[in-house]
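Please read the structure below before turning to the comments.
2 protein chains.
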Amino acid sequence: MSAESRFLTLLRLLASDPAAQGLQDDVAILQVGGTRLILTSDTMVEGVHHLPTDPPADIGWKLAAVNLSDLAAKGARPMGCLLNYALSGDDSWDAAFLEGLGEALSRHAMPLLGGDTVQMPAGSARSYSLTAIGEASGPVPLRTGAQAGDRLYITGPVGDAGVGLDLLRADARASGPLVDAYRRPKPRLAEGALLSPHAHAMMDVSDGLLIDASRMAQASGLAVTIDHIPLSPALEAVRGASTAAQIAAAQAGDDYELLFALPPTLKPPVRAIPVGYFSEGSGLSLVIDGAAIPLPARLGWEHG
Amino acid sequence: MSAESRFLTLLRLLASDPAAQGLQDDVAILQVGGTRLILTSDTMVEGVHHLPTDPPADIGWKLAAVNLSDLAAKGARPMGCLLNYALSGDDSWDAAFLEGLGEALSRHAMPLLGGDTVQMPAGSARSYSLTAIGEASGPVPLRTGAQAGDRLYITGPVGDAGVGLDLLRADARASGPLVDAYRRPKPRLAEGALLSPHAHAMMDVSDGLLIDASRMAQASGLAVTIDHIPLSPALEAVRGASTAAQIAAAQAGDDYELLFALPPTLKPPVRAIPVGYFSEGSGLSLVIDGAAIPLPARLGWEHG
Chain A
1 MSAESRFLTL LRLLASDPAA QGLQDDVAIL QVGGTRLILT SDTMVEGVHH
51 LPTDPPADIG WKLAAVNLSD LAAKGARPMG CLLNYALSGD DSWDAAFLEG
101 LGEALSRHAM PLLGGDTVQM PAGSARSYSL TAIGEASGPV PLRTGAQAGD
151 RLYITGPVGD AGVGLDLLRA DARASGPLVD AYRRPKPRLA EGALLSPHAH
201 AMMDVSDGLL IDASRMAQAS GLAVTIDHIP LSPALEAVRG ASTAAQIAAA
251 QAGDDYELLF ALPPTLKPPV RAIPVGYFSE GSGLSLVIDG AAIPLPARLG
301 WEHG
Chain B
1 MSAESRFLTL LRLLASDPAA QGLQDDVAIL QVGGTRLILT SDTMVEGVHH
51 LPTDPPADIG WKLAAVNLSD LAAKGARPMG CLLNYALSGD DSWDAAFLEG
101 LGEALSRHAM PLLGGDTVQM PAGSARSYSL TAIGEASGPV PLRTGAQAGD
151 RLYITGPVGD AGVGLDLLRA DARASGPLVD AYRRPKPRLA EGALLSPHAH
201 AMMDVSDGLL IDASRMAQAS GLAVTIDHIP LSPALEAVRG ASTAAQIAAA
251 QAGDDYELLF ALPPTLKPPV RAIPVGYFSE GSGLSLVIDG AAIPLPARLG
301 WEHG
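As they're listed, the protein sequences go chains A and B. 1 is the number of the first residue of the first sequence in the UniProt record's numbering; add one for each residue after it. 1 is the number of the first residue of the second sequence in the UniProt record's numbering; add one for each residue after it.
Structure follows, in structure tokens:
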């Protein structure tokens, strides 16, 4: 068990309030009068969640986007956020970070309400947290609600950000749509709002299609089969569409598309691609181009 | 202007929503239906906000307490919090941190609802943020509301934590009430709830009596005179009650008592000590034992 898993086990003992969802979801749900608030918080660390060479404006954008994506996955409207920021010791770096953060916030109508700014001792990695608050307009689809027979869909192709990251690791000056997918993910707020009344279960794909689908299945007490891995033309142009390329795309993180379970009688109310189905049992099965494929050793990004 | 001041200037451009209070207060106020939510977030960094030798359980306690203190200063009832935690690489340290955090949270009926756990690269300082949400039951006293003629009160003596920190710097094994004041501050939630319907302005004293009183005066567009610096018997036993000892106590941070402005016709509804008064004009004046005293060069803990 990793250090993070051990820590989460201890955290769950503290997080006994029903609003905490047993820390099984990416969000907490707090009932305030007649309103259901969705609360989420994400931290990014230099060298862990982004490359030290990534432009600060893109890092600021991404910090906002990953939190907005968690709201999107619950169909929530952004209400506000708080920023915890460790000054980098470089004013122009900090200003560019805020510019990118502000761009993502204003694009998605998320007001910045407060937070805290600190100095880190010399030599510490940059780190930043954003805590976002949203308002759920209707039912809140959790990870736990998938049902046997449900179809699994995703709002877009997978793996673009992962290839973008690989391209940047090889050459920090790389550019193009795959690099953009890695640096400027788009939170699917409109899609989330349209899907939340219908989806039995929903989450954003932050750690990879395979691992996130298997988490949804586990939380719902079901088995899941992935029988299609959607690739973008941009990814196919670089990596092709071999079985290995498809598996790599489904293991890569940072997609931030929405993954959701719908009953087979419903058509998705948004553009989405069917990727599999749920059935009684447990575990993840993978079918590529009609053939059952052994699972790779690593399903995706494992925290800690 | 410090790096933090420059950064805050940029942040204020982003934080234009009325709920952000222009980042003038320690909290944001978000109206949700008929409920006013109080939002606050504090980050603590090893070597900046606490000594590397401080026991982890005390650091966990303090992170909860400083956030609860911000809620107390607005008369808010704790509703929940989210923790952003950077794993230390030492499981027993992390477990002890959570134990102290959990102790403070359960003591003050603050549920832990979620958050995020990350790994930091080797060599980075430990850091942790807590974002707290409270519900205001009535009027929310801001920093800005003091009126000329108001009396200024504080809920307890000042400087204990500062001396406790000095004692620990000299000897990491020091103990006693002054060390406890530094390591285990007590958020004044009950006092805050009783005071909020009456106080024209209120804040917690986190950076020192002199600087925090001058911030309240500046936010209210007034002058403030501090004419009494309350010392505890424990502090007097170590430092005496000389003018220098009094000034040092009023410059020290980490008190977490509530500082509030009341009209002269009202008696405080809680145990509190009068420390001064507001008048037309601007700036801070200091009177000790009846004599006007020149202000020290450093009024308190200046961030950044």
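All C-beta atoms in this analysis are idealised placements derived from N, C-alpha and C, irrespective of residue type, glycine included.
Interface flag for residue 121/A against chain B is set, since a Cβ pair is found closer than 8 Å.
Residue 31/B carries a strand assignment under DSSP once its states are collapsed to helix, strand and coil. DSSP places residue 257/A in no beta strand (DSSP E); its state is neither H nor E.
In chain order, 82, 83, 84 place their CB closer than 6 Å to the CB of residue 115/B, counting only its own chain and leaving out the 5 sequence neighbours on each side. Given a length threshold of 3 residues, each whole run of the beta strand (DSSP E) inside the region 73–122 of chain B is given here in chain order: 76–87, 112–119. Membership of residue 144/A in any beta strand (DSSP E) is not indicated, and neither H nor E is assigned to it by DSSP. The region 178–213 of chain A contains, as complete beta strand (DSSP E) runs of 3+ residues, the segments 201–204 (chain order). Closer than 8 Å to the CB of residue 27/B there is at least one CB belonging to chain A. The C-beta separation of residue 137/B from residue 215/B comes to about 25 Å, leaving the pair out of contact by the 8 Å criterion.
Segment contact: the region 246–253 of chain A against the region 160–177 of chain A, three or more CB-CB distances shorter than 8 Å; contact assigned. Below the 9 Å Cβ cutoff, chain A contributes 80, 111, 112, 113, 114 as neighbours of residue 20/B, in chain order. In this structure, the CA atom of residue 274/B is about 21 Å from the CA atom of residue 70/B.
Residues of chain B with a Cβ closer than 8 Å to the Cβ of residue 3/A are, in chain order, 87, 89, 91, 94, 119. Counted as a single uninterrupted DSSP element, the alpha helix (DSSP H) harbouring residue 247/A occupies residues 243–251. Taken atom to atom, the span from the alpha-carbon of residue 28/B to that of residue 283/B is near 26 Å. According to DSSP, residue pairing for residue 42/A in a beta bridge involves 130/A. Taking C-beta separations shorter than 6 Å and ignoring five residues to either side along the sequence, the partners of residue 172/A in its chain run 53, following chain order.
Considering only beta carbons, the part of the region 42–58 of chain B lying closer than 7 Å to chain A consists of 42, 43, 45, 47, 48, in chain order. A direct Cα-to-Cα measurement between residue 17/B and residue 79/A gives close to 10 Å. Nearest in C-alpha terms to residue 195/B, of all of 152/B, 222/B, 183/B, 170/B, is 152/B. Here the region 284–299 of chain B makes contact with the region 237–246 of chain B; the two share three or more CB pairs at distances below 8 Å. Identification of chain B residues near residue 278/A by a Cβ-Cβ cut-off of 9 Å yields none; the smallest Cβ-Cβ distance measures about 26 Å.
Under the 8 Å Cβ criterion, the region 138–150 of chain B does not count as touching the region 98–117 of chain B, having fewer than three qualifying pairs.
Bridge pairing for residue 292/B: 287/B [DSSP]. Where residue 151/B is concerned, the enclosing beta strand (DSSP E) starts and stops at 151–154.
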